[in-house]
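Below is one structure, written out as structure tokens; the observations come after it.
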Amino acid sequence: MKYYLEERIGNPELFTGRKKELTFFLKWIREIKERKSKSTAILARRKMGKTALLERLYNITFDYNNGIVPYFISVSPKS
Ligand SMILES: Nc1ncnc2c1ncn2[C@@H]1O[C@H](COP(=O)(O)OP(=O)(O)O)[C@@H](O)[C@H]1O
Ligand SMILES: [Mg+2]
Numbered sequence: 012m013k014y015y016l017e018e019r020i021g022n023p024e025l026f027t028g029r030k031k032e033l034t035f036f037l038k039w040i041r042e043i044k045e046r047k048s049k050s051t052a053i054l055a056r057r058k059m060g061k062t063a064l065l066e067r068l069y070n071i072t073f074d075y076n077n078g079i080v081p082y083f084i085s086v087s088p089k090s
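Going by the working numbering, the first residue of the sequence shown is number 12, and it counts up by one from there.
Set out below in structure tokens:
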């Protein structure tokens with residue numbers, strides 16, 4: 012698979028686990044076309060892997076190229 016969005020993890024091979032989460036969200040992404048999916052938030056403490064998961068979902072979805080166009084926006088908190 013080509014990695015269209017550069018993942019902050021660096022080397023994509025470093026990504027491990029998250030099978031359950033990927034399965035859940037890939038089904039969720041598939042069901043967007045059937046209008047079954049509701050807006051969903053991922054809540055976890057910092058450094059738990061939220062961004063890494065979303066970046067990987069983006070790349071899988073972009074690569075699959077089956078009528079769902081992912082977009083990724085990152086907002087930095089004001090310091
Ligand atoms: N599935 C994973 N496999 C390996 N390393 C991961 C994974 N998810 C996150 N990491 C690493 O853990 C750190 C925190 O991940 P990150 O996605 O930035 O967390 P969050 O967005 O929840 O704050 C990063 O250095 C990232 O590369
Ligand atoms: Mg993050």
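Every residue gets a Cβ at the ideal spot worked out from N, C-alpha and C, and that includes glycine.
For clarity, every value in this text was computed on a predicted model and none was experimentally measured.
Review point. Can Met12 be considered in contact with ligand 1, in the sense that its beta carbon sits closer than 8 Å to one or more heavy atoms?
Key: Along the sequence shown, one-based indexing puts residue 12 at 1. Flag unset: Cβ of Met12 not near ligand 1.
Exercise for review: For the alpha helix (DSSP H) holding Lys30, just list the boundary residues, first then last.
Suggested key: Taking the sequence shown and counting its residues from 1, one reaches residue 30 at position 19. DSSP places Lys30 in the uninterrupted alpha helix (DSSP H) bounded by 30-41.
Review point. At a Cβ threshold of 9 Å, is Leu33 touching chain B?
Key: Note that chain B does not occur in the displayed structure, where there is just one protein chain.
**Study point:** Own chain partners of Asp74 with C-beta closer than 8 Å, once the 5 adjacent residues on each side are dropped
**Key:** As a first step, residue 74 is located in the sequence shown; it is residue number 63 there, counting from the start. These residues qualify, in order along the chain: Met12, Lys13, Tyr15.
Check your understanding: Contact check, Ala63 vs Arg19 under 8 Å by CB: the rounded distance?
Key -> In the sequence shown, the residue the question calls residue 63 occupies position 52. In the sequence shown, the residue the question calls residue 19 occupies position 8. Ala63 to Arg19, Cβ: 7 Å. Contact.
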